Amino acid sequence: MAAGAVLPACTSSASLPQGQLLAPSMALGHKLRGYDFPPASRTRKVDIAIVGGGVAGLSAAWQLARAGGADFQLFELESSTGGNARSGQNATSAYPWGAHYLPLPGKEALFVRELLADLGVLQGDPYAANPRYDERYLCFAPQERLYKNGIWQEGLLPQIGATAIDQAQYQRFFQLINQLQTRVGRDGKRAFALPMALSSQDADLLVLDNISMCDYLYQHRLTSEPLHWYVNYACRDDYGTDYRLVSAWAGLHYFASRDGHGLHTDSDAVLTWPEGNAWLTQRMAEQVQSHIVTNALVHRITTSKVGVSVDVFDSVHQQTTRWQAKQVIFAAPAMLLPHIWANPDGVYAAQSTSYAPWLVANLSVKQTPQDNNGAELAWDNVIYNSPALGYVVATHQNLRASPAPSVLTYYYALSQLTPQVARQKLLNTSQSAWADTILQDLSTAHPYLRDSVTQLDVFRWGHAMARPLVGFLQQPARLQLAHGKYSHIQFAHADASGFSIFEEANYRGVMAAMRAIKNLEMS
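Structure follows, in structure tokens:
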């Protein structure tokens, strides 16, 4: 597939915009490899310790706060919470450094609905079939567009140049998806639900995990090149992974699980903010701010019959505090477990979880692109056969006339490379090289964009999200994370689902908090 091609080489001699080359706190996180930490200088007690302040950890904290009664502390390695749903801001706008939207939650995603109601995004009854959402947060039209053969079209399913055979295969593919969306398994569960733990366990559905999403299309005699591009784009967009590697179960889950509806909204509507999902994580953090400790690296967890010892390194004051906790909610990636928790299950989980590397760039521009052949600028803008995923417009939700200064957030999952090679590329490539590469890619649709860019900042995510590869669903390590019965440690990260989306992290966090509360009550 052409979408698997590497971005063009850096050959431009034109002047490049300045910018920052950013990443999570790699040096601090990598200290876990050498285990060079001072011994604990003091000891404190807490009912529940939460490790990690991403969506899962914040969701656990949100649930503990609204349940009341438990004393808890959340420890976050970075200087602020948010995980891969964090953001930046300049004089023009806030903008995302990671996740940038949330589909309307369906009936199974009750925790997400309750959270949105608590934050005022969902208005009225969160359990209604068609809840009302605050219109300020519903993505304004036009929502998506695709650039192909020199023309912009509305929507991402390729229509430009599509033949009658392509159109017939589009129809057949979405008939298959509709059948799966409406199917209820013999266990009474929907075939594909969100969160994924509530999906049907019918054997003929689970067997889809044994083949790739690409092979699934061919098995159904779906050979249309633009259809394959579209499905591959969806897998790269949600999972950071090529559809030839993604489990067909996971690929179909992307299309068939989302069934959210809202009053006076389209079924494919999404919620978004200039800063992306950081708007949600910031509101969640505000509610539990007194319980959050930042610049705090948890480097050892030791269990006993009566509780857990959690050693936390303060990277600002260079000292370790030992927290004696009754329960621990581990809301950090599984890859950290072997370095922190001396348990074979943690080692197995880390070795079995593969992570997709990503690059996110924010381009500050004097004005939004105007070379659009008369097409209206959309929120999400994708270039056909680009190895990147396109860009979103941070100021799209602003009710102001164009042209105007803006920030374009550019997403690139390095899915054409192995994760190991991609991480080295992220580590070794300079900001100027990335800037030239990104601008060359965007010049396909916007040949004059380079002249408008005033700054181009790059954020590198070496381990952005777990990859749902073929066989992930029944992988013993994932099942152990999802269903492990530990008396004092509750695993909460989206790694337990096998892929990283807000609904999964929220579900895992809330469920871990519920288990921790129950264990406290029983002790």
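Reading the sequence shown from the start, the letters are residues 21 to 543 in the working numbering.
Quick reminder that beta carbons are idealized off the backbone N, C-alpha and C, glycines included.
Note that the coordinates shown come from a computational prediction; the quantities given were computed from them, not determined experimentally.
Environment of residue i [buried if 16+ CB atoms lie within 10 Å]
i: residue 55; result: exposed
i: residue 103; result: buried
i: residue 169; result: exposed
i: residue 377; result: buried
i: residue 521; result: buried
i: residue 153; result: buried
i: residue 191; result: exposed
i: residue 280; result: buried
i: residue 288; result: exposed
i: residue 337; result: exposed
Residue range of the beta strand (DSSP E) that includes residue i
i: residue 555; result: The structure shown has nothing for residue 555, since the chain only spans 21 to 543.
i: residue 319; result: 316 to 323
i: residue 172; result: 171 to 174
i: residue 108; result: 107 to 109
i: residue 94; result: 92 to 95
Residue i, DSSP secondary structure in three states
i: residue 284; result: coil
i: residue 295; result: coil
i: residue 357; result: helix
i: residue 153; result: strand
i: residue 375; result: strand
i: residue 391; result: coil
i: residue 182; result: coil
i: residue 190; result: helix
i: residue 331; result: strand
i: residue 426; result: strand
i: residue 470; result: helix
i: residue 143; result: strand
i: residue 206; result: coil
i: residue 44; result: coil
i: residue 312; result: strand
i: residue 417; result: helix
i: residue 326; result: coil
i: residue 26; result: Model confidence at residue 26 stands at a pLDDT of 45, short of 50, so the residue's coordinates are unreliable; what they give is reported in the following sentence. If DSSP states are grouped into helix, strand and coil, residue 26 belongs with coil.
i: residue 251; result: helix
i: residue 37; result: coil
i: residue 290; result: strand
i: residue 364; result: helix
i: residue 123; result: strand
i: residue 32; result: Low per-residue confidence applies at residue 32: pLDDT is 47, beneath 50, and the placement is therefore not dependable, though the value from the model is reported in the following sentence. Residue 32 falls in the coil class under three-state DSSP.
i: residue 102; result: coil
i: residue 158; result: strand
i: residue 53; result: helix
i: residue 243; result: coil
i: residue 257; result: helix
i: residue 493; result: coil
i: residue 262; result: coil
i: residue 21; result: Low confidence applies here, because residue 21 scores a pLDDT of 33, under 50, leaving its location unreliable and the question unanswered by this model.
i: residue 515; result: helix
i: residue 214; result: coil
i: residue 465; result: coil
Opening and closing residue of the alpha helix (DSSP H) in which residue i lies
i: residue 131; result: 130 to 138
i: residue 69; result: Element bounds for residue 69: not the alpha helix (DSSP H) but the beta strand (DSSP E), 60 to 71.
i: residue 275; result: 268 to 276
i: residue 522; result: 522 to 542
i: residue 439; result: 439 to 448
i: residue 458; result: 451 to 462
i: residue 87; result: 75 to 87
i: residue 498; result: 496 to 503
i: residue 225; result: 223 to 226
One or two residues paired with residue i in a DSSP bridge
i: residue 475; result: 384
i: residue 164; result: 400
i: residue 480; result: 379
i: residue 432; result: 379
i: residue 509; result: 348
i: residue 114; result: 109
i: residue 486; result: 375
i: residue 411; result: 401 and 430
i: residue 177; result: None; residue 177 has no bridge partner.
i: residue 232; result: 267
Residue i beta carbon near the ligand FMN (any heavy atom closer than 8 Å)
i: residue 362; result: In the structure shown, the ligand FMN is absent, as is every other ligand, since no ligand is present at all.
Cβ-Cβ separation, residue j to residue i (assumed contact under 8 Å), whole Å
i: residue 343; j: residue 535; result: So it is not a contact: roughly 19 Å between Cβ atoms.
i: residue 101; j: residue 301; result: 6 Å
i: residue 95; j: residue 318; result: 5 Å
i: residue 358; j: residue 366; result: 5 Å
i: residue 560; j: residue 298; result: Any property of residue 560 remains undetermined from this structure, which presents the chain solely from 21 to 543.
i: residue 351; j: residue 72; result: 4 Å
i: residue 110; j: residue 427; result: 7 Å
i: residue 347; j: residue 460; result: Contact doesn't hold; Cβ gap of about 51 Å is too wide.
Interface flag, residue i vs chain D, CB-CB below 9 Å
i: residue 190; result: The chain inventory of the structure shown lacks chain D, comprising one protein chain alone.
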